[in-house]
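Novice:
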Amino acid sequence: MTVAEILKKVKENISIGNYDIVTTAKNKASRRKYGLTQYDLEDYILSLAATDLYKGPEKDRDYPQEELFIFKKEIIPNVTFYTKLKYKNNQIKILSCHEDEN
2 MTVAEILKKV
12 KENISIGNYD
22 IVTTAKNKAS
32 RRKYGLTQYD
42 LEDYILSLAA
52 TDLYKGPEKD
62 RDYPQEELFI
72 FKKEIIPNVT
82 FYTKLKYKNN
92 QIKILSCHED
102 EN
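Each number in the numbering used here corresponds to the 1-based position in the sequence shown with 1 added.
1) Could you tell me the distance, in whole angstroms, from the CA atom of residue 25 to the CA atom of residue 39?
2) According to the neighbour-count rule (16 or more other Cβ atoms, all chains shown, within 10 Å of its Cβ), is residue 93 buried or exposed?
3) Here's the rule I'm using: 16 or more other beta-carbon atoms within 10 Å means buried, otherwise exposed. How should residue 46 be labelled?
4) What separation, rounded to the nearest whole angstrom, lies between the Cα atoms of residue 84 and residue 36?
5) Which partner residues of residue 20 appear in the DSSP bridge assignment?
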């Protein structure tokens with residue numbers, strides 16, 4: 002899948018609520034730290050563009066037959082978020098969505 006194809010899938014699926022955000026400590030901590038709601042995250046993810054691609058497609062280390070895409074984008078002044086996602090079982094799976102650590 003190309004970056005254009007994954008972004009098309011992201012826009013189609015996020016806009017109808019067809020996605021899953023994996024709950025991790027980092028994801029929750031970043032949401033709390035910046036007061037981000039579910040809707041804020043949806044808006045952010047819908048705003049991703051090909052120029053925000055950091056890496057990908059890459060093989061998922063846990064599921065090598067699946068591809069991951071990693072994006073980095075400033076969503077608040079001076080705050081860049083790291084987002085790792087994939088398209089699986091006709092749904093967007095958001096594995097990481099937190100403040101970038103680099």
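Positions of the beta carbon are idealized from the N, C-alpha and C atoms, including for glycine.
This one's a predicted model, so the numbers in the text were calculated from it and none came from an experiment.
Specialist: By the coordinates alone:
1) The residue given as residue 25 occupies position 24 in the sequence shown. The residue given as residue 39 occupies position 38 in the sequence shown. Between the alpha carbons of residue 25 and residue 39 lies a gap of roughly 15 Å.
2) Walking along the sequence shown from the start, residue 93 turns up at place 92. Per the 10 Å Cβ criterion, buried.
3) Working through the sequence shown from its first residue, we reach residue 46 at position 45. Under a 10 Å Cβ-count criterion, residue 46 is classified as buried, with 16 or more other Cβ atoms of the shown protein chains found around its own Cβ.
4) Along the sequence shown, one-based indexing puts residue 84 at 83. Along the sequence shown, one-based indexing puts residue 36 at 35. Rounded to the nearest whole angstrom, the CA to CA distance from residue 84 to residue 36 is 17 Å.
5) Taking the sequence shown and counting its residues from 1, the one referred to as residue 20 is at position 19. According to DSSP, which records beta bridges pairwise, residue 20 is partnered with 93.
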